[in-house]
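Numbering (this note's numbering), first residue to last: 1 to 144.
Ideal Cβ positions, reconstructed from N, Cα and C, are used throughout, including at glycine.
Below is one structure, written out as structure tokens; the observations come after it.
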């Protein structure tokens, strides 16, 4: 099972608020078998306790610490929301990466994603990806 696949990517998503975005990435993680349905509730709980907005147009919703026991395998789901979604960070998130990470995988993924989007030109390449395949290749190259 791969960490990112076409089924876990939504380009040009239209979402009305951060909770809709969280449910969307969460459902992709559930549908891919990374976590059960109740993981989505834990993602929303996490957001209510502390925003998962990272900065620079990136939000990384994930479950609470208690939800770690629910995770079956590590995976990410990606939404590109060109109009942006307010996650409370003062600027809209256009890249929303849902995360279900087994064990300590979340540290590696967070580090790799942070490096991947640290340059504005790289973030623009992600936001402007023309296909799911192009987005996967950008992530694979950046997460080696």
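How many angstroms separate the CA atom of residue 1 from the CA atom of residue 85?
Note on residue 1: pLDDT 38, under 50, position unreliable in the model; the coordinate value appears next. A straight line joining the alpha-carbon of residue 1 with that of residue 85 spans about 29 Å.
Rounding to the nearest angstrom, what Cα-Cα distance links residue 78 and residue 95 in this structure?
The alpha-carbon of residue 78 is positioned some 7 Å away from that of residue 95.
In chain order, which beta strand (DSSP E) runs of at least 3 residues are fully inside the stretch 14-92?
Counting only runs that start and end inside the stretch 14-92, the beta strand (DSSP E) elements of at least 3 residues fall at 53-55 and 75-85.
Can you pull the DSSP bridge partners for residue 95?
Looking at the DSSP assignment, residue 95 forms a beta bridge with 58 and 80.
Should residue 43 and residue 22 be called a contact, given that it needs their Cβ atoms to be closer than 8 Å?
Cβ atoms of residue 43 and residue 22: closer than 8 Å.
Taking the alpha carbon of residue 90 as the point to measure from, which residue in 131, 51, 33 and 12 has its own alpha carbon closest?
Ranking the options by Cα distance to residue 90, first place goes to 51.
Span of the alpha helix (DSSP H) holding residue 109?
First-last of the alpha helix (DSSP H) with residue 109: 105-116.
Beta-carbon contacts of residue 55 that lie in its chain and below 7 Å, excluding the five residues immediately before and after
Closer than 7 Å at Cβ, skipping near neighbours: 89.
When burial is assigned at 16 or more other CB atoms within 10 Å of the CB, is residue 136 buried or exposed?
Residue 136 should be labelled buried.
Identify whether residue 3 lies in helix, strand or coil by the three-state DSSP scheme.
The answer is coil: DSSP assigns residue 3 none of H, G, I, E or B.
Should residue 10 be labelled buried (16 or more other beta-carbon atoms within 10 Å of its own) or exposed?
By the neighbour-count criterion, in which 16 or more other beta carbons inside 10 Å mark a residue as buried, residue 10 falls on the buried side.
Please classify residue 24 as buried or exposed, where buried requires at least 16 other C-beta atoms within 10 Å of its C-beta.
By the 10 Å Cβ count, residue 24 comes out buried.
Which of the three DSSP states, helix, strand or coil, is assigned to residue 141?
For residue 141, the three-state secondary structure derived from DSSP is helix.
Per DSSP, cross-strand counterpart(s) of residue 8:
In the DSSP output, where bridge partners are listed per residue, residue 8 has none listed.
Look at the Cβ atom of residue 130, then the Cβ atom of residue 138, and state whether they are nearer than 8 Å.
Not a contact, by the Cβ cut-off of 8 Å.
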